[in-house]
Each structure stands twice: as C-alpha cells, then as structure tokens.
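**Q** Structure incoming, see below.
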Amino acid sequence: MEEQTWAKALFERAFMAIQHAPDVGASITVFRDAYDLSHVTYHMAQTIASKIDAPFVRTTYPATWVSRYLLQGYFNIDPVLIEGVNRSLPFFWNELGASPAAQRMFEDAASHGLGASGYSIPIVDRLGRRALVSLNADLKQEHWLPKVMVHRAHWLEIAHLLHSQALIELYGADDPAPPLGRRERECLHWAALGKEYKDISVILGISDHTARGYLKSARFKLACANIPQAIAKAIKLRLINPV
Amino acid sequence: MFITLQAHQYARYPELMDRMFRLRKEVFADRLGWSVPVIDGCERDRYDDFGPLYLVWCDDEKKRLYGSMRLMPTTGPTLLYDVFRDTFPSDIDLVAPGIWEGTRMCIDEEAIAIDFPGLTPLDAFYRLLVALCECALYHGISMMLSNYEPPMRRVYRRAGVDVDELGCADGYGRLPVCCGLFEVSGPVLLKMRHATQITEPLYTEFPVAGRRLAIRVAA
Chain D
246 MEEQTWAKAL FERAFMAIQH APDVGASITV FRDAYDLSHV TYHMAQTIAS KIDAPFVRTT
306 YPATWVSRYL LQGYFNIDPV LIEGVNRSLP FFWNELGASP AAQRMFEDAA SHGLGASGYS
366 IPIVDRLGRR ALVSLNADLK QEHWLPKVMV HRAHWLEIAH LLHSQALIEL YGADDPAPPL
426 GRRERECLHW AALGKEYKDI SVILGISDHT ARGYLKSARF KLACANIPQA IAKAIKLRLI
486 NPV
Chain H
14 MFITLQAHQY ARYPELMDRM FRLRKEVFAD RLGWSVPVID GCERDRYDDF GPLYLVWCDD
74 EKKRLYGSMR LMPTTGPTLL YDVFRDTFPS DIDLVAPGIW EGTRMCIDEE AIAIDFPGLT
134 PLDAFYRLLV ALCECALYHG ISMMLSNYEP PMRRVYRRAG VDVDELGCAD GYGRLPVCCG
194 LFEVSGPVLL KMRHATQITE PLYTEFPVAG RRLAIRVAA
C-alpha cells in the first residue's frame with residue numbers, strides 16, 4: 246500500500262491527541278477537528294445491563310438536534326443506527342435504504358445544521374459488544390467518498406480507540422499489559438533493533454506480510470499509533486527487552 | 014454473482030441463508046468429517062449468532078447458491094482463535110482492524126455442474142477466491158486469517174494466492190486442519206487474475222462509481 250505521508254502524519258497526531266483526551270466526549274471533538282468533519286458520534290449499542298441500562302452515547306451534534314431526535318422518536322426509524330449496529334462493514338449513509346419517514350428525518354437533520362454526507366463504522370469487540378462510530382460531513386458525496394477512502398483505515402483505528410476509551414469510562418481501568426503472543430514479541434524485538442519488515446521476515450522465517458500482520462496486531466493490542474510508540478510501550482511494560 | 018450478506022440483510026434472502034447452512038453441513042460434516050454442530054440438516058455454530066458477514070456466490074435472482082464463506086473481524090469473537098488456541102495460540106492471536114478471519118469456505122459442486130457445465134470444481138474455487146480478494150480489498154481488509162485442509166495448499170498456490178501457513182493441527186476431521194495468513198492487496202489481486210485468467214470483476218455488491226477509486230487507494 247502506498248501510504249500517503251501527510252495522511253499518516255495527520256492520523257498519528259490525531260490518535261495521540263485522542264489518547265490524551267480526558268474522556269470520550271473530549272475525544273470525539275478532537276477527532277472532528279483533526280479531520281475537519283461536521284460531527285462525530287460514538288454509540289455503544291449493548292452495555293452490561295446491571296451496570297447501566299441507557300446506551301452510552303457521545304456526540305458533537307448540537308443539543309437542539311439531540312433533543313429533537315429524542316422527542317421525535319427518531320431512534321425508532323434512524324436507518325444509520327438500526328442497520329448500523331447489525332452491520333459488520335463500514336458504510337456510507339447514502340447506501341442506506343431510507344424509508345419516507347427516514348427521508349424526512351434526514352431533511353429535518355439538515356435544517357438543524359447537520360452535514361449532507363455520512364460514514365459509519367461498526368465495531369465488535371472480543372466480548373461481542375457492539376458500537377457504532379458515525380462521521381458526518383458537510384460535503385457532497387463526490388467529495389466525501391475520496392476523503393473517506395484516503396482516511397478510512399485510520400478512522401477504523403480511531404473508532405476502536407474510542408471504543409476502548411468508552412469501556413474504560415464505563416467499567417474502569419484497562420489492563421496495562423496486554424497479552425502479546427510469541428510472534429508479536431519477536432517482531433517487536435527485531436523492530437526495536439532497527440530491522441525492517443523484510444529483515445524480520447527473513448530472521449523469523451515468515452513472510453513479509455505476516456511480519457506486518459504481527460506488528461499491526463501488537464500495535465493494536467498496545468493501543469499505539471505507530472511502531473516506534475509500540476516499541477517504547479512494550480519496553481516500558483517489559484514485554485520485550487532488546488539489547 | 015458474488016454478493017455480501019450482513020445481519021440486516023439475512024431476512025431478505027431466506028433461500029440463500031438456508032441453503033448455505035445445509036451446504037456447510039454437506040461439506041464440513043458429511044464430506045470432510047469435521048466435528049461441527051449439526052441441527053436439522055444445517056451446520057451452524059455460535060459465531061453465526063454474532064451476525065457475521067457472508068460472501069455468497071448465487072444466481073442473479075439471489076435464490077440459488079453456488080458457494081459461500083463466513084467473514085468476521087479479528088477484533089471481535091473469532092472461531093480460529095477459540096479452536097486453535099490449544100495447538101498454537103501465540104501464533105494465530107492476530108487482532109487488529111483490517112485483519113479478518115474467513116471460515117467455512119465451500120462450493121456446491123452439484124449446483125455448479127448443473128448451472129455452469131464448463132466449470133470444474135477447481136475453476137469454481139478460483140472464482141470464489143478471486144471474489145474474496147476483491148471483496149476484502151474493496152472493504153479495506155488488508156489480511157485474512159483462514160483455515161483449510163492440506164490439499165487446498167495446491168489450489169491456493171495455483172490461484173496465485175499469497176499464504177503463510179502459521180500451523181496445522183490434527184483431531185478436527187479426517188485430515189489435519191491448517192491455519193494461514195493471506196495477504197490482500199492490489200498486487201496480489203493482479204497475480205491472482207494472471208494465474209486464474211479471471212480478468213473481469215466478480216464481486217458486484219459495491220457501487221460501480223467507487224470501484225476504481227477503492228482499488229486504487231487500496232493498491
């Protein structure tokens with residue numbers, strides 16, 4: 246993949262800023278501003294009933310729209326939400342089959358200052374909990390589509406970061422030292438010693454893309470924006486000890 | 014045609030869903046002898062209850078099934094980790110957005126022989142593999158973790174697929190079951206097209222306007 250350097254730099258800046266944000270509410274604002282979006286919403290669909298029975302939602306939508314949405318009962322017809330939590334793949338809002346009622350909701354949304362285009366990212370975690378991160382932009386679809394395509398892999402990672410932050414906010418502190426597998430630790434070890442994917446794959450007798458896979462997985466488990474950050478965190482947590 | 018079915022669409026295609034679970038029973042329980050749960054002639058397990066994505070090969074009316082596969086993100090519950098964790102846990106615990114697992118890949122050889130008399134089962138597998146690569150590439154999936162029996166290695170190699178075998182385990186069926194990591198990229202798709210001579214796009218469920226752009230960005 247030909248990684249566009251500016252997009253990667255923007256992602257790393259945004260990811261780290263979100264990591265330092267005090268809560269999900271602050272994170273979504275950082276996310277919105279970093280990518281010049283109109284609105285960002287994080288919605289956890291299933292929460293553990295005994296602890297909290299209302300859905301966990303954080304949004305940058307104006308309060309007038311949120312109360313209108315609730316009062317009109319739009320959550321009963323909103324196709325983004327209804328379909329979104331059942332989907333596995335990220336989707337554009339214009340792919341949704343909108344009923345006449347949903348059509349009216351979108352028109353009402355526009356009159357409350359919401360953008361014309363949207364993209365939503367469904368999330369499912371290891372325990373099967375589902376969440377939806379929705380991005381709203383004041384762009385026509387023909388401009389929105391290329392923007393999404395450039396950033397979608399990064400937005401997917403940010404969406405997962407928001408989810409892990411929401412879990413911490415709801416259920417308390419995260420495990421500081423995630424269980425890394427043997428291969429993940431080996432790949433990080435060699436990366437820490439300055440080896441590239443190609444060298445690592447030769448040393449470990451695995452293919453180039455597999456070395457990339459293990460490093461990506463290690464980076465995700467450590468919740469880091471890039472490999473150097475993941476190496477630093479792994480050393481600090483004594484998961485690797487490169488010398 | 015090759016389409017994807019997600020949880021919100023299952024109810025719209027009852028014939029395809031029903032036939033898929035029956036085909037899986039015929040292939041995995043009857044033919045390969047895997048110890049998979051079978052109820053009322055259907056093979057279904059708990060991962061089907063999580064609302065996974067299915068890649069489905071069917072006719073244009075979306076009623077007759079030729080093949081299918083189940084796709085799930087590794088960030089969620091996954092079969093391969095649960096099944097293989099006793100044999101080679103640290104090597105297959107790959108978790109990241111963009112890495113998905115593919116399981117229960119199968120084709121209906123009888124239906125294919127009737128509707129596509131010129132297509133051998135091997136050709137049919139090639140088509141499913143190319144469609145899978147297109148589908149994954151289009152949706153931003155960069156790697157796939159998948160299980161298969163050793164005879165499939167030759168099929169993958171001849172289809173130009175780039176697979177790294179992470180391990181094999183006995184005790185699930187008559188043959189060992191292996192787990193491999195597959196790269197998904199523009200160059201891999203080109204290599205597959207060259208090896209299989211399948212040059213036309215197969216995966217049809219995405220908007221045509223987005224197709225070229227997505228492939229270009231993903232490549």
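Protein sequences, first through last, are from chains D and H.
The opening residue of the first sequence carries number 246 in my numbering; numbering runs sequentially from there.
The opening residue of the second sequence carries number 14 in my numbering; numbering runs sequentially from there.
Quick reminder that beta carbons are idealized off the backbone N, C-alpha and C, glycines included.
Would you say Met165(H) faces chain D, with C-beta separation under 8 Å as the test?
**A** Met165(H) does not count as touching chain D.
**Q** Check whether the Cβ of Ala172(H) lies closer than 8 Å to any Cβ atom in chain D.
**A** False, the Cβ-Cβ gap to chain D never drops below 8 Å.
**Q** Take Phe34(H) as the anchor and find which of Glu56(H), Leu18(H) and Leu202(H) has the nearest alpha-carbon.
**A** It is Glu56(H) whose Cα lies nearest to the Cα of Phe34(H).
**Q** With 16 as the cutoff for other CB atoms within 10 Å, does Trp435(D) come out buried or exposed?
**A** Trp435(D) comes out buried.
**Q** What would DSSP say about Leu282(D), mapped onto helix, strand or coil?
**A** Correct three-state label for Leu282(D): coil.
**Q** Could you check whether the Cβ of Asp323(D) sits closer than 8 Å to any Cβ belonging to chain H?
**A** Chain H contact via Cβ: absent.
**Q** Could you check the C-alpha separation between Ile120(H) and Cys181(H) for me, to the nearest Å?
**A** The straight-line gap from Cα to Cα measures roughly 23 Å.
**Q** Could you give the C-beta distance for Leu425(D) and Ala463(D), rounded to a whole number, given that I count them as a contact under 8 Å?
**A** Right, their Cβ atoms sit about 6 Å apart.
**Q** Can you tell me whether Asp177(H) is helix, strand or coil according to DSSP?
**A** Reduced to three states, the DSSP call for Asp177(H) is strand.
**Q** Starting from Met205(H), trace the alpha helix (DSSP H) in both directions and tell me its first and last residue.
**A** Taken as a continuous stretch (DSSP letters only), the alpha helix (DSSP H) holding Met205(H) covers Gly199 to Thr209.
**Q** Can you name the start and end residues of the alpha helix (DSSP H) that Glu328(D) belongs to?
**A** Pro324 to Gly329 is the extent of the alpha helix (DSSP H) around Glu328(D).
**Q** Buried or exposed for Lys481(D), going by 16 or more other Cβ atoms inside 10 Å?
**A** Burial call: exposed.
**Q** With distances taken from CA atoms, which of Arg166(H), Glu147(H) and Arg206(H) is nearest Cys192(H)?
**A** Per the Cα distances, Arg166(H).
**Q** Under the rule that 16 or more other beta-carbon atoms within 10 Å means buried, what is Phe256(D), buried or exposed?
**A** The residue in question, Phe256(D), is buried, as its Cβ has 16 or more Cβ neighbours within 10 Å.
**Q** In whole angstroms, give me the CA-to-CA distance for Arg25(H) and Lys75(H).
**A** Between Arg25(H) and Lys75(H), the C-alpha separation is close to 10 Å.
**Q** Rounded to whole angstroms, what's the CA-CA distance from Tyr161(H) to Glu114(H)? Just pull it up for me.
**A** Approximately 12 Å, taken between the alpha carbons.
**Q** With a CB to CB cut of under 8 Å and the five nearest residues on each side skipped, what residues in its chain are close to Leu401(D)?
**A** Excluding sequence neighbours, Leu401(D) sits near Pro335 and Ile366.
**Q** Can you tell me whether Lys461(D) is buried or exposed? The criterion is at least 16 other CB atoms within 10 Å of its CB, across all chains shown.
**A** By the neighbour-count rule (16 or more Cβ atoms within 10 Å), Lys461(D) is buried.
**Q** Looking at C-alpha atoms only, which residue of Ala126(H), Glu39(H), Pro110(H) and Ile16(H) is the closest neighbour of Val369(D)?
**A** The candidate whose alpha carbon is nearest that of Val369(D) is Pro110(H).
**Q** Looking only at C-alpha atoms, which of Leu36(H), Arg140(H), Asp104(H) and Arg44(H) sits nearest to Met14(H)?
**A** The shortest C-alpha separation from Met14(H) is found at Arg140(H).
**Q** Closer than 7 Å between beta carbons: that is the criterion. Which residues of the stretch 55 to 67 of chain H meet it against chain D?
**A** Flagged, chain order: Phe63, Gly64, Pro65 and Leu66.
**Q** Just to make sure I have the definition right: I need the residues of chain H whose C-beta is within less than 8 Å of the C-beta of Asn331(D). Which are they?
**A** Simply Gln19, Ala20, His21 and Gly64.
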